[in-house]
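Take the sequence shown: its letters are residues 165 to 243, numbered as in our numbering. We treat Cβ as the ideally placed atom computed from N, Cα and C, and that holds for glycine.
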Amino acid sequence: MEEVIRLILESIGSNNIFRCSHRRKVVHCNQEKGYDQLFNDYFSDNSVYTKTQFQRRFRMRRHVFLRIVIVITNHDKYF
């Protein structure tokens, strides 16, 4: 049993492990434009979608969503 464990540990530590060397393609998108579009569609004074459409899309009322955003931004500096 100890021999099996030793062989497994050696194989893990060796370079015999096959790894995928393919890198993922990076897609550069205009995040700022996306933010502006989302804000204009749902949160501006002249929003494209109504409060009812917002509720259907996100399955919560807009004021609840905004409360969640405030709590998260106050809790975590990342946001």
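Can you tell me which of the three DSSP states residue i falls into?
i, result
"residue 197", "helix"
"residue 203", "helix"
"residue 190", "coil"
"residue 210", "coil"
"residue 241", "coil"
"residue 223", "coil"
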